[in-house]
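Numbering (this note's numbering), first residue to last: 56 to 127. Ideal placement from N, C-alpha and C gives every residue a C-beta, glycine not left out. The structure displayed is predicted, hence computed values, not measured ones. Working notes for the structure below.
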């Protein structure tokens, strides 16, 4: 079986409605420019506040994708 190498990047998605939508936004955006996404891991959740009210939910997500080409 050939060896594989994966790259991991960290992204922050945001949504005005939920953490789930924030994570989804980060992954969907990554999928537009990265190929062969393999695993997404939600690392941290927080909210943005204005005037003491929640205005955005944010999800910090680590996404891995396979590096193309042969491994030496």
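Under the three-state DSSP convention, the category residue i falls into
i	result
residue 73	coil
residue 122	coil
residue 99	strand
residue 83	helix
Residue i burial status per 10 Å Cβ neighbour count (16 or more: buried)
i	result
residue 106	exposed
residue 90	exposed
residue 61	exposed
residue 124	exposed
Spatially closest choice to residue i from the options, by CA coordinates
i	options	result
residue 120	85, 76 and 113	85
residue 113	83, 82, 93 and 99	99
residue 116	101, 108 and 124	101
residue 59	67, 69 and 93	93
residue 72	103, 66 and 118	103
residue 96	81, 110, 69 and 108	81
Which residues DSSP lists as bridging residue i, in chain order
i	result
residue 113	69 and 101
residue 92	120
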